[in-house]
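First the structure, in the form of structure tokens, and then the observations on it.
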Amino acid sequence: MIRIETSQTETIEPLLRDVFTAQYQKQFHKELPKKHEKLAIAAILDEELVGGLIAKEDFENLHVSLLAVKPEFQNQGIGSRLLQALEDWAQEEGVINLTLTTKSYQAVEFYQKSGFIIFGQLPDTPMRGVTKYYLYKRINK
Numbered sequence: 002m003i004r005i006e007t008s009q010t011e012t013i014e015p016l017l018r019d020v021f022t023a024q025y026q027k028q029f030h031k032e033l034p035k036k037h038e039k040l041a042i043a044a045i046l047d048e049e050l051v052g053g054l055i056a057k058e059d060f061e062n063l064h065v066s067l068l069a070v071k072p073e074f075q076n077q078g079i080g081s082r083l084l085q086a087l088e089d090w091a092q093e094e095g096v097i098n099l100t101l102t103t104k105s106y107q108a109v110e111f112y113q114k115s116g117f118i119i120f121g122q123l124p125d126t127p128m129r130g131v132t133k134y135y136l137y138k139r140i141n142k
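Heads up: the sequence shown runs through residues 2 to 142, numbered per the numbering used here.
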């Protein structure tokens, strides 16, 4: 009889990766492309880290998992410059889309001004009264 129980990530991740790799190979008849696990871009002023972003490449897409600028340095174009650096890198690497999520109390308008398009939203996520937005920006066609 199959038993369902909580486990350690390290225990089940190799099996899950093997299953997904086999699915990819069956569908596309080739090996999974090599990818960068994470990309980090920093904003530094006079040797002080004032902001940055972390993105994860997934096949031909790049997902921004974190982007922040210290409050005293916001509204000075630093976030825009970080996104532009990411977009430049993505262009060179042949990335198709940039994706990210943000919450209603964060920077929805900033991302829209940067060319990102909302493609989904979930109200009361991750808590009541907050909406989580899903955005993308097409880089290479």
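Even glycine gets a Cβ: it sits at the ideal position worked out from N, Cα and C.
| Query | Result |
| --- | --- |
| N- and C-terminal bounds of the alpha helix (DSSP H) containing Leu83 | 79 to 94 |
| Start-to-end residues for the alpha helix (DSSP H) that takes in Asp19 | 10 to 29 |
| Alpha helix (DSSP H) segment containing Gln113, residue limits | 109 to 114 |
| Own chain partners of Gln113 with C-beta closer than 8 angstroms, once the 5 adjacent residues on each side are dropped | Ile119, Leu136 |
| Where Val70 falls, given that 16 or more other Cβ within 10 Å makes a residue buried | buried |
| CB of Leu87 within 9 angstroms of CB of Leu54, strictly | yes |
| Spatial distance of Leu123 from Tyr134 (CA atoms) | 7 angstroms |
| Neighbour-count burial assignment, Ile5, 16 or more Cβ in a 10 Å radius | exposed |
| Opposing strand residues paired with Ile45 [DSSP bridges] | Leu50 |
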